[in-house]
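*Asks:*
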Amino acid sequence: MKKYFYTLLFFLLTVVAAFAQTHLAEQDTLRHKEVGVDVTRLVLSMLSTNDVTAVTPYIFTFKSIKNNKGFRIGLGMDASGLKRTEDNNVDVQTNDFFVNLRLGHEWQFPLTKRWMTYIGADGVLGYSNSKSVSTAGEFEPTRVELSNYTFSYGAGVATGIQFRINSRLQLGTEGALYARLFNDKNTIQQGGPFVFKQERKGFGYNLQTSLPTNIYFIVIF
Numbered sequence: 016m017k018k019y020f021y022t023l024l025f026f027l028l029t030v031v032a033a034f035a036q037t038h039l040a041e042q043d044t045l046r047h048k049e050v051g052v053d054v055t056r057l058v059l060s061m062l063s064t065n066d067v068t069a070v071t072p073y074i075f076t077f078k079s080i081k082n083n084k085g086f087r088i089g090l091g092m093d094a095s096g097l098k099r100t101e102d103n104n105v106d107v108q109t110n111d112f113f114v115n116l117r118l119g120h121e122w123q124f125p126l127t128k129r130w131m132t133y134i135g136a137d138g139v140l141g142y143s144n145s146k147s148v149s150t151a152g153e154f155e156p157t158r159v160e161l162s163n164y165t166f167s168y169g170a171g172v173a174t175g176i177q178f179r180i181n182s183r184l185q186l187g188t189e190g191a192l193y194a195r196l197f198n199d200k201n202t203i204q205q206g207g208p209f210v211f212k213q214e215r216k217g218f219g220y221n222l223q224t225s226l227p228t229n230i231y232f233i234v235i236f
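Encoded structure:
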């Protein structure tokens with residue numbers, strides 16, 4: 016509950032600041048593009064901390080801005096694999112993959128010559144696939160495969176703050192509130208002396224929030 020409260024409070028304060036202080040800086044009416052990379056993992060590794068919960072699902076961002084408003088897109092993906100042997104001579108191999116995409120519109124509000132805040136409205140898509148295969152036995156090995164995939168879609172709002180280092184470089188952070196619907200499918204399949212297959216499909220929704228704890232390195236061109 017506190018997470019939702021702080022997220023909504025951050026949205027409220029940003030909106031109030033944006034509309035109350037827009038006159039503090041001249042509007043940048045020139046068309047420009049922004050490319051951002053989430054460098055949170057890099058910063059945390061330099062600080063020798065194992066806390067990676069602040070990493071956003073959108074590693075790369077792109078914006079095309081004119082008259083302080085324009086198009087925005089975010090993309091993030093990850094893939095990992097692990098193979099291990101457990102104490103009872105069971106070989107386990109796991110593979111995970113996810114991709115997240117957002118498309119939306121952004122309104123920017125200059126606060127000072129170096130500070131700027133913004134509000135974005137996005138549509139979001141997500142896909143994840145996880146598979147685990149366990150193999151036990153030597154002569155008649157038993158193979159058990161567990162798989163899960165999830166497809167999600169929804170919409171929501173985001174807001175953030177950017178600091179201008181110079182005319183080409185900026186730093187930024189962002190918080191978001193997205194409502195998502197999702198479909199998932201779980202499969203259990205066993206091969207060997209005893210063969211069976213079981214599938215379960217589901218549907219649901221969630222409210223996904225992220226606080227402005229990530230760090231973006233942004234290039235302007």
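Start counting the sequence shown at 16; every next residue gets the next number (the working numbering).
A virtual CB, placed ideally from N, CA and C, is assigned to each residue, including glycine.
Quick caveat, the model's predicted, so the values are computed rather than measured.
#1: If you measure between the beta carbons of Val234 and Val50, is that distance less than 8 Å?
#2: Is DSSP giving Val52 helix, strand or coil here?
#3: Could you give the first and the last residue of the continuous beta strand (DSSP E) run that contains Glu189?
#4: Does Ile235 come out as helix, strand or coil in the three-state DSSP assignment?
#5: Helix, strand or coil for Val58, going by three-state DSSP, please let me know.
#6: Are the Cβ atoms of Leu15 and Leu57 separated by less than 8 Å?
#7: Would you report the Cα separation of Phe218 and Phe166, rounded to the nearest angstrom?
#8: Quick test of the definition: if touching needs 3 or more C-beta pairs under 8 Å, does the segment 71 to 86 touch the segment 97 to 105?
#9: Please classify Gly152 as buried or exposed, where buried requires at least 16 other C-beta atoms within 10 Å of its C-beta.
#10: Does the distance from the CB of Tyr231 to the CB of Asp53 come in under 8 Å?
#11: Please state whether the Cβ-Cβ distance between Pro227 and Gly171 is less than 8 Å.
#12: Measure the beta-carbon distance from Thr202 to Ser162 and round it to whole angstroms, keeping in mind my assumption that it falls under 8 Å.
#13: Would you mind giving the Cβ-Cβ distance between Val139 and Ser149, rounded to the nearest angstrom? I have them listed as a contact below 8 Å.
#14: Output needed for Arg179: all residues of its chain with C-beta closer than 6 Å, excluding positions within five of it in sequence on either side, in chain order.
#15: What residues in its chain sit with their C-beta under 6 Å from that of Tyr220, if we drop five residues either side in the sequence?
*Replies:* Checking against the coordinates, here is how it stands:
#1: Residue numbering aside, residue 234 sits at position 219 when the sequence shown is read from its first letter. Residue numbering aside, residue 50 sits at position 35 when the sequence shown is read from its first letter. It is a contact, given that the beta carbons lie within the stated cut-off.
#2: Stepping through the sequence shown from its first residue, residue 52 is reached at position 37. In this structure, Val52 counts as strand in the three-state DSSP scheme.
#3: Against the sequence shown, residue 189 aligns to sequence position 174. From DSSP, the beta strand (DSSP E) with Glu189 extends over Leu184 to Gly206.
#4: Locating residue 235 in the sequence shown gives position 220, where the first residue counts as 1. In the structure shown, Ile235 sits in a strand (DSSP, three-state: E or B).
#5: Taking the first residue of the sequence shown as 1, we reach residue 58 at position 43. Helix.
#6: It is not possible to answer for residue 15, since the shown part of the chain is limited to 16 through 236.
#7: Walking along the sequence shown from the start, residue 218 turns up at place 203. Walking along the sequence shown from the start, residue 166 turns up at place 151. Computed Cα separation, rounded: 10 Å.
#8: no
#9: Position 137 of the sequence shown, counting from 1, holds the residue named residue 152. The residue in question, Gly152, is exposed, as its Cβ has fewer than 16 Cβ neighbours within 10 Å.
#10: The sequence position of residue 231 within the sequence shown is 216, counting from 1. The sequence position of residue 53 within the sequence shown is 38, counting from 1. The answer is yes: Cβ separation under 8 Å.
#11: For the purposes of this step, residue 227 is identified with residue 212 of the sequence shown, where counting begins at 1. For the purposes of this step, residue 171 is identified with residue 156 of the sequence shown, where counting begins at 1. No, the Cβ-Cβ distance between Pro227 and Gly171 is not below 8 Å.
#12: As a first step, residue 202 must be located in the sequence shown, where it is residue number 187. As a first step, residue 162 must be located in the sequence shown, where it is residue number 147. Right, the Cβ-Cβ distance comes to about 5 Å (below 8 Å), so this counts as a contact.
#13: Your numbering for residue 139 matches position 124 in the sequence shown. Your numbering for residue 149 matches position 134 in the sequence shown. So it is not a contact: roughly 34 Å between Cβ atoms.
#14: Here the question's residue 179 lines up with position 164 in the sequence shown. Counting only Cβ-Cβ distances below 6 Å, and skipping sequence neighbours, we find Arg129 and Gln185.
#15: Along the sequence shown, one-based indexing puts residue 220 at 205. Counting only Cβ-Cβ distances below 6 Å, and skipping sequence neighbours, we find Leu196.
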